[in-house]
Amino acid sequence: MERKTLSETLKDATSGGASQDQRVKKRKNREDKKWAKKMKRIVHSLRAVGEENEKIEEENGFKRQMLRRNQAEIKQQKAGFCDAQNKIITEQESCVGALLKEPLVQDLLARSNQLELARGAMLSPNASSDARVPSEDDAIIELKHRSEMLSKEIEVLCKVLTA
1 MERKTLSETL KDATSGGASQ DQRVKKRKNR EDKKWAKKMK RIVHSLRAVG EENEKIEEEN
61 GFKRQMLRRN QAEIKQQKAG FCDAQNKIIT EQESCVGALL KEPLVQDLLA RSNQLELARG
121 AMLSPNASSD ARVPSEDDAI IELKHRSEML SKEIEVLCKV LTA
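Put into structure tokens, the structure is as follows:
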């Protein structure tokens, strides 16, 4: 057993029995424990966030897949609509064109001063003569234009025939 001097014993008694080195070690030990607890909380939080991110990514993948399906379905319906409208408008254009070529109708148009308007309507662009391949939006715009021109032709014919 080690013998301490009187001054060392007094020093130990006044400082609570722990040397300066021991107090530093205890303080460091407490700080290390606090830091370790803090790191455990951070690691736990990061794991929880990681798991939540995985769930969200899985949900997003499912939603992206559903969105792609819906977009494909919309595209298919849009193409079907354009095809159906194109057939209807083409048939109507053919009927109006045939009617405008009838001698009686041409005579009535000439008398009613509507000939120029009818000719302008007849010279409207026809989708069947368009060689380029339109995009989906262009196809709808073209159908709308053809329908408007057809309506004008029909309006002119109605005015002429009812005059």
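Quick note: the sequence shown uses UniProt numbering, first residue 1, plus one each step. Where is the CB? At the ideal position from N, CA and C, for every residue including glycine. As the structure is a prediction and not an experimental result, all values here were calculated from the model.
CA-CA distance, A48 to I140, rounds to 50 Å. Membership of R69 in the alpha helix (DSSP H) is indicated by the continuous run Q20 to K101. Around the beta-carbon of M66, fewer than 16 other beta-carbon atoms lie within 10 Å, marking it exposed. With fewer than 16 other CB atoms across the displayed protein chains lying within 10 angstroms of its CB, E148 is exposed. Proximity of the stretch 149-159 to the stretch 84-102 meets the contact definition, three or more beta-carbon pairs being nearer than 8 Å. For R3, the secondary structure class from DSSP, reduced to helix, strand or coil, is coil. Annotated as proximal: L161 and L108, with beta-carbon spacing under 8 Å.
Distance between C82 and L143, taken at the CA atoms: about 8 Å. CA-CA distance, A84 to K159, rounds to 29 Å.
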